[in-house]
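Q: Residue numbers (the numbering used here): 28 to 303.
Structure incoming, see below.
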Ligand SMILES: [Zn+2]
């Protein structure tokens, strides 16, 4: 197996007048195939985990760009296109790739690109139609149709504050591995919870809800359950909270299960609403 890993992220507040330029990414740190040669950091930990796991399986690893910037306004078009094209060029040069793992945010907007992650994943798909593509996301993302169509697996962090990035990177690797080996065929479905709300997870209704999601994974054909909290400071047509389920295959029992889960998502959302 050959695994291709890369990371590109920022959280775009499209109402901010401060553009996100090259300097913003330089401050966050840019690695060109060398992120895993440096100590683990917040943004590079998924690449470290994916490389370590790939090598443990005696698989080949191709490490590409890792570029991340703190939240600000629209990313400058040429900056996004340059980073994207670097990743795609590395992917082209990598030859036949079995698994592509991308550490992303999900709310990155550039001038001319409302959905940078969807654009990047889709271009990877065009280059590698048969590869397993997995995207690690921040839950403050806009979960788009293009991302859902182009990726095999999307994995938002479950915790806010985001203390579970290593665990979710491990989950994504494990599911991508099982998919590449032909042991599972993931199907993703999302559901619009029709709310915009801060959803901290250390306590309260969301703590209980996240624990219940984790408890259901690995049973009844459920591969992964997540909540994309959404990012209201991004002026985007998909702004809002969405529930995301990955199941083994879409059977009648899964449709019923997802319907029940949708109801419990809505109930949790109601419970999370501040009491006045
Ligand atoms: Zn976040």
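From the three backbone atoms N, C-alpha and C, an ideal C-beta is built for every residue, glycine too.
#1: Do residue 271 and residue 193 come within 8 Å of each other at the CB atom, strictly closer than that value?
#2: For residue 109, is the classification buried or exposed, using 16 other Cβ atoms within 10 angstroms of its Cβ as the cut-off for buried?
#3: Under DSSP, the alpha helix (DSSP H) around residue 52 begins and ends at which residues?
#4: State the CB to CB distance for the pair residue 177 and residue 152, rounded to an integer number of angstroms; the pair is presumed to be in contact (CB under 8 Å).
#5: Label residue 223 either buried or exposed according to how many other C-beta atoms from any shown protein chain fall within 10 Å of its C-beta, with 16 as the threshold for buried.
#6: Cβ of residue 191 within 7 Å of any heavy atom in ligand 1?
#7: Can you tell me which of the three DSSP states residue 107 falls into?
#8: Is the beta carbon of residue 68 sitting closer than 8 Å to the one on residue 78?
#9: Which of the three DSSP states, helix, strand or coil, is assigned to residue 162?
#10: Could you tell me the alpha carbon to alpha carbon distance between residue 72 and residue 200, rounded to whole angstroms?
#11: Provide the residue(s) that pair with residue 253 in DSSP beta bridges, ordered along the chain.
#12: Residue 143 and residue 107 - do their beta-carbons sit closer together than 8 Å?
#13: So, for residue 175: in the same chain, excluding its five sequence neighbours on each side, which residues have a beta-carbon less than 6 Å away from its beta-carbon?
#14: Hey, would you say residue 114 sits closer than 8 Å to residue 158, going by beta carbons?
#15: By the 10 Å Cβ neighbour count, where 16 or more other Cβ atoms means buried, how is residue 42 classified, buried or exposed?
#16: Would the beta-carbon of residue 137 fall within 8 Å of that of residue 171?
#17: Just to confirm before moving on: does the CB-CB distance between residue 202 and residue 130 stay below 8 Å?
#18: Between the Cα of residue 98 and the Cα atoms of 83, 132, 121, which residue gives the shortest distance?
#19: Suppose you measure from the CA of residue 36 to the CA of residue 251; what does that come to, to the nearest Å?
#20: Compare the C-alpha of residue 85 against each of 29, 246, 173, 254 and name the closest.
#21: Where does the unbroken beta strand (DSSP E) through residue 31 begin, and where does it stop?
#22: Should residue 239 be labelled buried (16 or more other beta-carbon atoms within 10 Å of its own) or exposed?
#23: Closer than 8 Å by C-beta to residue 104: which residues in its own chain qualify, once you throw out the five before and the five after it? Chain order, please.
A: From the atom records:
#1: no
#2: exposed
#3: 49 to 55
#4: 4 Å
#5: exposed
#6: no
#7: helix
#8: No, these two residues do not count as a Cβ contact at 8 Å.
#9: strand
#10: 13 Å
#11: 271
#12: yes
#13: 215
#14: Between residue 114 and residue 158, the C-beta spacing is not below 8 Å.
#15: exposed
#16: no
#17: no
#18: The shortest Cα separation from residue 98 among 83, 132, 121 belongs to 132.
#19: 22 Å
#20: 29
#21: 29 to 36
#22: exposed
#23: 137, 138, 139, 140
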